[in-house]
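K.L.:
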Amino acid sequence: SAVISQKPSRDICQRGTSLTIQCQVDSQVTMMFWYRQQPGQSLTLIATANQGSEATYESGFVIDKFPISRPNLTFSTLTVSNMSPEDSSIYLCSAGPGATEAFFGQGTRLTVV
Amino acid sequence: ELKVEQNPLFLSMQEGKNYTIYCNYSTTSDRLYWYRQDPGKSLESLFVLLSNGAVKQEGRLMASLDTKARLSTLHITAAVHDLSATYFCAVTLGGFGNEKLTFGTGTRLTIIP
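Note that the protein sequences, when read in sequence, are chains C and V. Position in the first sequence counted from 1, then plus 130, gives you my numbering. Position in the second sequence counted from 1, then plus 125, gives you my numbering.
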């Protein structure tokens, strides 16, 4: 199994500001994934982060709002930019180093006020 | 577009009873996952099902996969209070190493003493 460390675990932010979430995997992985879970909802994929190339965004998510970095095979960041209360969610990173598993970080609970 | 449906959305059951959660998906998939989420927590991996007819069991939970019917079930035997949580199924279209997941709606399970 993989250990995925995500931080911060929670934050309360002012609208109009940005927050960067970090995700560290204890082994090298080709792809990392960022999901959003709005209150009481299921998980929705934001983007796929590949090392050495631009992230691939899902419909409804754009790079200007959710820029992603992937500087190496064990680390990625997601920034939530120009936040509004609608961005209040749990953000989770995921990776599947075993090729048949998909593990998740602890999640970042974001509240925008 | 891959769609994943779960039912029921909410399930309240008494301790000691048996019940099944259903997960239907719209497109042929490589793998199907079951996760558990406790309130305010991240996702805990329960099962990964890789092939038609796959059955896995862990304690009071048993998952099965019918790829021809595009259906997976999560069966709960003699429920206990500790099983109260939200359960998600998720499906991937990616090949090995690409664990890009589409999640079901989730089933919020409450076990009543």
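Don't be surprised by glycine CBs; every beta carbon is placed ideally from N, CA and C.
Could you pull out every unbroken alpha helix (DSSP H) segment of at least 4 residues lying fully inside the segment 167-226 of chain V, listed in chain order?
P.N.:
none
K.L.:
Counting only C-beta atoms, is LEU199 of chain V closer than 9 angstroms to chain C at any point?
P.N.:
no
K.L.:
Is the segment 193-201 of chain V touching the segment 131-148 of chain V, taking contact as three or more C-beta pairs under 8 angstroms?
P.N.:
Three or more Cβ pairs closer than 8 angstroms define a contact, and the segment 193-201 of chain V meets that threshold against the segment 131-148 of chain V.
K.L.:
In chain V, which residues lie with their C-beta within 7 angstroms of the C-beta of GLN236 of chain C?
P.N.:
SER167
K.L.:
Excluding five sequence neighbours on each side, which residues of the same chain lie with their C-beta closer than 6 angstroms to the C-beta of THR211 of chain V?
P.N.:
For THR211 of chain V, the CB contacts under 6 angstroms within the same chain, skipping 5 residues up- and downstream, are GLN162, GLY231, ARG233 in chain order.
K.L.:
How big is the Cα-Cα spacing for GLY235 of chain C and LEU222 of chain C?
P.N.:
Here the C-alpha atom of GLY235 of chain C lies approximately 6 angstroms from the C-alpha atom of LEU222 of chain C.
K.L.:
Between the beta-carbon of GLN168 of chain C and the beta-carbon of THR174 of chain C, is there less than 9 angstroms?
P.N.:
Cβ atoms of GLN168 of chain C and THR174 of chain C: closer than 9 angstroms.
K.L.:
Going by Cα to Cα distance, which pick from V:THR227, V:TYR158, V:SER151, V:LEU168 is closest to LYS181 of chain V?
P.N.:
Per the Cα distances, V:TYR158.
K.L.:
Counting pairs of Cβ atoms below 8 angstroms between the segment 174-189 of chain V and the segment 127-134 of chain V, do you hit three or more?
P.N.:
no
K.L.:
Taking LYS142 of chain V as part of the beta strand (DSSP E), name the residues at either end of that continuous run.
P.N.:
No beta strand (DSSP E) holds LYS142 of chain V; DSSP gives it neither H nor E.
K.L.:
Check distances from the C-beta atoms of the segment 160-189 of chain V to those of chain C and list, in chain order, the residues that come in under 9 angstroms.
P.N.:
Residues of the segment 160-189 of chain V whose Cβ lies closer than 9 angstroms to any Cβ of chain C, in chain order: TYR160, GLN162, GLY165, LYS166, SER167, LEU168, GLU169, SER170, VAL173, LEU175.
K.L.:
Counting C-beta neighbours from all protein chains within 10 Å, is the total for SER151 of chain V 16 or more, i.e. buried, or is it exposed?
P.N.:
exposed
K.L.:
Closest to GLN144 of chain C by C-alpha separation, out of C:THR160, C:PRO215, C:ILE176, C:ARG200, would be which residue?
P.N.:
C:PRO215
K.L.:
Just verifying my parser: in three-state terms, what is the DSSP assignment at GLU126 of chain V?
P.N.:
coil
K.L.:
What's the gap between the Cα of GLU183 of chain V and the Cα of ASN143 of chain V?
P.N.:
15 angstroms
K.L.:
Give me the subset of the segment 166-186 of chain C whose CB atoms are less than 7 angstroms from a CB atom of chain V, sorted by chain position.
P.N.:
SER172, LEU173, LEU175, THR178
K.L.:
Closest to VAL155 of chain C by C-alpha separation, out of C:SER218, C:THR207, C:ASP194, would be which residue?
P.N.:
C:THR207
K.L.:
Return no unless some Cβ of chain C is closer than 9 angstroms to the Cβ of THR157 of chain V.
P.N.:
Position check: residue 157 of chain V holds Leu in this sequence, whereas Thr was assumed. It does not: the Cβ of LEU157 of chain V has no partner Cβ on chain C nearer than 9 angstroms.
K.L.:
From PHE191 of chain C to ILE176 of chain C, what does the alpha carbon distance come to, in whole angstroms?
P.N.:
6 angstroms
K.L.:
Nearest to PHE196 of chain C by alpha carbon, out of C:ILE151, C:ARG140, C:LYS137?
P.N.:
When only C-alpha atoms are compared, the closest one is C:ILE151.
K.L.:
Does DSSP put PRO138 of chain C in a helix, in a strand, or in coil?
P.N.:
coil
K.L.:
Taking CB distances under 9 angstroms as the criterion, tell me whether THR152 of chain V reaches chain C.
P.N.:
no
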